[in-house]
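*Asks:*
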Amino acid sequence: MTFGVWNMRTLLDREENACPERKTAIVARELSRYNTDVAALSETHLPDEGELVGYGGGYTFFWKGLASSEPRRSGVGFAVKNYLAAQLQEYSVQISDRITTLRLYMGHENYLNVISVYAPTLDKSDEIKDKFYEELTRYIDRIRPREQIHLLGDFNARVGRDYDAWPKVLARHGVGKINSSGQLLLSFCAQLHLAITNTMFRLPAKYKATWMHPRSKHWHLIDYAIVRQKDISQVLVTRVMRGAHCWTDHRLVVIKLNLRLPRPCRSERSKQIRLNLERFQDTNTRAKYAETLSTVLQPLDPKSSEINTVWESLSPHVLDTAKSTLGLRVRKHEDWFDDNDEVLTNAIDKHRRLLKQHSKTHQSVSVKELRHSDLELRKLAQQAKDKWWQEKARQMQWLADTNQRGEFYSEVQHLLGTSTMAKVPLNSTSGEALFKSRKEILERRAEHFNTLLNMDHVVDLDHVRCLPQQPFALELDKPVSPDEVALAIKQQQNKRAVGVDFIPGELLKYGGGDLYSAIWELFVVMWEKEQVGG
């Protein structure tokens, strides 16, 4: 697996930023270039806490920050590949605006604890620094000794290279001199038996230093990847990726580990087939579907078997015929950046090449050329965004003018392709325990709604007996007729939620007379046997 550490300076989109709009999309594409599975992000400046799914970039962002009403100079989070985010058994736990955690299941009841941090800067008071390390220590103390720890982030500390004074914490390949914040970090690591992996590998200084001082222009190592001392054999390399660019003065640190997560168990539940039901608007498609289904249903005899057996033999034919006739619906996640991905990515690559030339020889590419490239890139992104939204506005206005409400609201949902949500742990009923896993949270919700909704009520039978008795409607005791079944099926409204068999109502509605007859015969059998299929 590959982990990353990156100080963003900000993930907010502001007019004064040098970075083009949608920085999360740019970060996701940069991380993807280095095949980073999980990246610890610091100094995000995002408010509150939440989760953002980016489908085009392929990463899910989790973050924790201060309230939106407060000044935000910190903030931490993660960027996790979407396939890994979908496998998380526990939600990300936010300790503070400087510490957030993520637990990855390793199998055999074991977890990998990834901690993203942003430590106070050197000019902060000792009280603030002590509070940060106390919170971090309390959390790590609660982790079982058998579980792995990956402590990643910007510690704003220089640990130097005195490995003799800090055995097993520092290795022989440190950078620079120690400062007071570095002393705190080294003491913290020694206390908890942690090792700083940045100092373990013999690399040129340019592949270890992560931040350049704005005044002295000297490079320093302040972004770290820290593991338990007993787990250092799993670290293959920790190094800086100088080619990663995201309009921040920090460089991306990549940690490669000899580590693999277990493959998730496949769910036994059937998945819903997303059919392209929009094709039913064409009368020729309806006729073709009904005709094809009629030929498949001819040999079926609902009275020859049990109810469940008949339905289980009938429903696959309905779904298979619909799949071959209608095809599958392509899931749309509309986003202006993703729809202009090729143009914007090429422009960013061009800007990155200029930066690379400038870093090698300052004479070949001047600062003026870099600023002009920045300006052109932001201009291109703004033009692409404006053009995309104008086209969407025209399309949605046409849908509204032609009274196509279903398509209008569907388009609104598609525009939410990059979704933001918050998934937080829940307290137990007593408030003593904190549920973090998906299973525990679902059970807690079930307990809550069971208590709320399933309440015992006392019924006074005397009042029931006083109710006026209506005459018996004997005609309702007769089996339903074929016409009644056909009429009920035809009166179904389109675009309604499917049941446990995942068959949309449209497949029955447009199935034709042979399907209506098969369903009617099934109803008759259920009526006569007084059984309902399970």
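Position 154, counted from 1, in the sequence shown is what my numbering calls 812; the numbers after and before it change by one each time, with no gaps. Ideal Cβ positions, reconstructed from N, Cα and C, are used throughout, including at glycine.
Run through DSSP, which three-state label would residue 692 get?
*Replies:* As a first step, residue 692 is located in the sequence shown; it is residue number 34 there, counting from the start. Three-state DSSP puts residue 692 in coil, outside helix and strand.
*Asks:* Following the continuous alpha helix (DSSP H) through residue 942, name the residue where it begins and the one where it ends.
*Replies:* If you number the sequence shown from 1, residue 942 lands on position 284. Run containing residue 942: 941 to 955, per the alpha helix (DSSP H) assignment.
*Asks:* Hey, is the segment 703 to 711 in contact with the segment 721 to 739, meaning 3+ C-beta pairs nearer than 8 Å?
*Replies:* Contact between the segment 703 to 711 and the segment 721 to 739 is present, because at least three Cβ pairs lie under 8 Å.
*Asks:* What distance in whole Å lies between the Cβ atoms of residue 771 and residue 805, which are believed to be in contact at a cut-off of 8 Å?
*Replies:* What you label residue 805 is simply residue 147 of the sequence shown in a count that begins at 1. What you label residue 771 is simply residue 113 of the sequence shown in a count that begins at 1. About 6 Å separates the two Cβ atoms, so the contact holds.
*Asks:* Between residue 1053 and residue 996, what straight-line distance do the alpha-carbon atoms span, to the nearest angstrom?
*Replies:* Translated into positions along the sequence shown, residue 1053 becomes position 395. Translated into positions along the sequence shown, residue 996 becomes position 338. Their backbone Cα atoms lie some 18 Å apart in a straight line.
*Asks:* Using DSSP with H/G/I as helix, E/B as strand and the rest coil, what is residue 1168?
*Replies:* Numbered from its first residue, the sequence shown carries residue 1168 at position 510. In this structure, residue 1168 counts as coil in the three-state DSSP scheme.
*Asks:* Using the DSSP secondary-structure output, state which residues sit across from residue 662 in a beta bridge.
*Replies:* What you label residue 662 is simply residue 4 of the sequence shown in a count that begins at 1. DSSP, once it has assigned bridges, lists 697, 912 as partnering residue 662.
*Asks:* Expressed to the nearest angstrom, what Euclidean distance is found between the alpha-carbon atoms of residue 828 and residue 859?
*Replies:* Locating residue 828 in the sequence shown gives position 170, where the first residue counts as 1. Locating residue 859 in the sequence shown gives position 201, where the first residue counts as 1. Using only the alpha carbons, I get a separation of about 11 Å.
*Asks:* List, from N- to C-terminal side, the beta strand (DSSP E) runs of 3 residues or more that fit wholly inside the segment 764 to 815.
*Replies:* Whole beta strand (DSSP E) segments, 3+ residues: 768 to 776, 806 to 812.
*Asks:* Assuming residue 665 and residue 781 make a contact with CB atoms under 8 Å, what is their CB distance in whole Å?
*Replies:* Position 7 of the sequence shown, counted from the first residue, corresponds to residue 665. Position 123 of the sequence shown, counted from the first residue, corresponds to residue 781. Not quite, the Cβ-Cβ distance comes to about 17 Å (not below 8 Å), so this is no contact.
*Asks:* Just the C-alpha distance for residue 1004 and residue 1011, rounded to the nearest angstrom, thanks.
*Replies:* Taking the sequence shown and counting its residues from 1, one reaches residue 1004 at position 346. Taking the sequence shown and counting its residues from 1, one reaches residue 1011 at position 353. Roughly 11 Å between the two C-alpha positions.
*Asks:* Just to confirm before moving on: does the CB-CB distance between residue 876 and residue 992 stay below 9 Å?
*Replies:* Numbered from 1 along the sequence shown, position 218 holds the residue referred to as residue 876. Numbered from 1 along the sequence shown, position 334 holds the residue referred to as residue 992. Cβ distance not < 9 Å, so residue 876 and residue 992 don't count as in contact.
*Asks:* Mapping the DSSP letters down to three states, classify residue 1027 as helix, strand or coil.
*Replies:* Position 369 of the sequence shown holds residue 1027. In this structure, residue 1027 counts as helix in the three-state DSSP scheme.
*Asks:* Assuming residue 1164 and residue 935 form a contact by the criterion Cβ under 8 Å, report the distance between their Cβ atoms to the nearest whole angstrom.
*Replies:* The residue labelled residue 1164 in the question sits at position 506 within the sequence shown. The residue labelled residue 935 in the question sits at position 277 within the sequence shown. Right, the Cβ-Cβ distance comes to about 5 Å (below 8 Å), so this counts as a contact.
*Asks:* Only counting the same chain, and skipping five residues up and downstream in sequence, which positions put a Cβ closer than 7 Å to that of residue 840?
*Replies:* Taking the sequence shown and counting its residues from 1, the one referred to as residue 840 is at position 182. The answer, listed in chain order, is 815, 816, 817, 818.
*Asks:* Could you tell me the boundaries of the beta strand (DSSP E) in which residue 753 lies?
*Replies:* Taking the sequence shown and counting its residues from 1, the one referred to as residue 753 is at position 95. Counting along the chain, the beta strand (DSSP E) containing residue 753 begins and ends at 751 to 754.
*Asks:* Between the C-alpha atoms of residue 1093 and residue 747, what's the straight-line distance to the nearest angstrom?
*Replies:* Residue 1093 sits at position 435 when you count from the first residue of the sequence shown. Residue 747 sits at position 89 when you count from the first residue of the sequence shown. Taking the straight line from one Cα to the other gives about 11 Å.
*Asks:* Which stretch, first to last residue, makes up the alpha helix (DSSP H) that contains residue 865?
*Replies:* Reading the sequence shown from its first residue, position 207 is the one you call residue 865. Per DSSP, residue 865 belongs to no alpha helix (DSSP H) and is neither H nor E.
*Asks:* May I have the straight-line CA-CA distance separating residue 1140 from residue 693, to the nearest angstrom?
*Replies:* Along the sequence shown, one-based indexing puts residue 1140 at 482. Along the sequence shown, one-based indexing puts residue 693 at 35. Approximately 60 Å between the Cα atoms of the pair.
*Asks:* Using CA atoms only, rank isn't needed, just tell me which of 1158, 1157, 1137, 672 is closest to residue 1178.
*Replies:* On the sequence shown, residue 1178 is found 520 positions in, with the first residue counted as 1. The shortest Cα separation from residue 1178 among 1158, 1157, 1137, 672 belongs to 1137.
*Asks:* Given a cut-off of 9 Å, decide if residue 1058 and residue 1002 are closer than it, judged by their beta-carbon atoms.
*Replies:* By one-based count along the sequence shown, residue 1002 stands at place 344. By one-based count along the sequence shown, residue 1058 stands at place 400. No, these two residues do not count as a Cβ contact at 9 Å.
*Asks:* If residue 793 sits next to residue 754, beta carbons under 8 Å apart, how far is it from one beta carbon to the other, in whole angstroms?
*Replies:* Locating residue 793 in the sequence shown gives position 135, where the first residue counts as 1. Locating residue 754 in the sequence shown gives position 96, where the first residue counts as 1. Yes, residue 793 and residue 754 are in contact; Cβ-Cβ is about 6 Å, under 8 Å.
*Asks:* Residue 898 and residue 866 - do their beta-carbons sit closer together than 9 Å?
*Replies:* Against the sequence shown, residue 866 aligns to sequence position 208. Against the sequence shown, residue 898 aligns to sequence position 240. In this structure, residue 898 lies closer than 9 Å to residue 866 by Cβ.
*Asks:* Of all the options 834, 863, 832, 825, which has the alpha carbon lying nearest to the alpha carbon of residue 849?
*Replies:* Taking the first residue of the sequence shown as position 1, residue 849 is located at position 191. Closest by alpha carbon: 825.
*Asks:* Cβ of residue 910 within 9 Å of Cβ of residue 689?
*Replies:* To locate residue 910, count along the sequence shown from 1; it is residue 252. To locate residue 689, count along the sequence shown from 1; it is residue 31. In this structure, residue 689 lies closer than 9 Å to residue 910 by Cβ.
*Asks:* For the segment 675 to 684 against the segment 1033 to 1047, do three or more pairs of beta-carbon atoms, one drawn from each stretch, fall closer than 8 Å, so that the two count as touching?
*Replies:* Yes, since at least three Cβ pairs between the segment 675 to 684 and the segment 1033 to 1047 fall closer than 8 Å, the two stretches touch.
*Asks:* Can you tell me whether residue 1085 is helix, strand or coil according to DSSP?
*Replies:* For this step, residue 1085 is matched to residue 427 along the sequence shown. In the structure shown, residue 1085 sits in a strand (DSSP, three-state: E or B).
*Asks:* From the DSSP secondary-structure annotation, give me the bridge partner or partners of residue 898.
*Replies:* Translated into the one-based positions of the sequence shown, residue 898 becomes position 240. Partner(s): 911.
*Asks:* Going straight from the alpha carbon of residue 766 to that of residue 1024, what length do you get?
*Replies:* Against the sequence shown, residue 766 aligns to sequence position 108. Against the sequence shown, residue 1024 aligns to sequence position 366. Cα-Cα distance, rounded: 56 Å.
*Asks:* Relative to the alpha-carbon of residue 1167, which residue among 1027, 1183, 1146 has its alpha-carbon at the smallest distance?
*Replies:* Your numbering for residue 1167 matches position 509 in the sequence shown. For the residues 1027, 1183, 1146, the minimum Cα distance to residue 1167 belongs to 1146.
*Asks:* Do you know offhand how far residue 932's Cα is from residue 1009's?
*Replies:* The count along the sequence shown starts at 1 and reaches residue 932 at position 274. The count along the sequence shown starts at 1 and reaches residue 1009 at position 351. Each residue's Cα considered, the two are about 41 Å apart.
*Asks:* To the nearest angstrom, report how far apart residue 861 and residue 831 are at their CA atoms.
*Replies:* Here residue 861 is taken as the residue at index 203 of the sequence shown, counted from 1. Here residue 831 is taken as the residue at index 173 of the sequence shown, counted from 1. Roughly 8 Å between the two C-alpha positions.
*Asks:* Where does residue 671 fall in DSSP's three states?
*Replies:* Residue numbering aside, residue 671 sits at position 13 when the sequence shown is read from its first letter. In this structure, residue 671 counts as coil in the three-state DSSP scheme.
*Asks:* Among 1186, 1144, 1160, whose alpha-carbon lies nearest the alpha-carbon of residue 1176?
*Replies:* The count along the sequence shown starts at 1 and reaches residue 1176 at position 518. The shortest Cα separation from residue 1176 among 1186, 1144, 1160 belongs to 1144.
*Asks:* Who does residue 882 pair with in a DSSP beta bridge?
*Replies:* Here residue 882 refers to the residue found at position 224 of the sequence shown. In DSSP, residue 882 forms a bridge with 811.
*Asks:* Measure the alpha-carbon distance for residue 821 versus residue 788 and round it to whole angstroms.
*Replies:* For the purposes of this step, residue 821 is taken as the residue at position 163 of the sequence shown. For the purposes of this step, residue 788 is taken as the residue at position 130 of the sequence shown. In a straight line, the C-alpha of residue 821 is about 24 Å away from that of residue 788.
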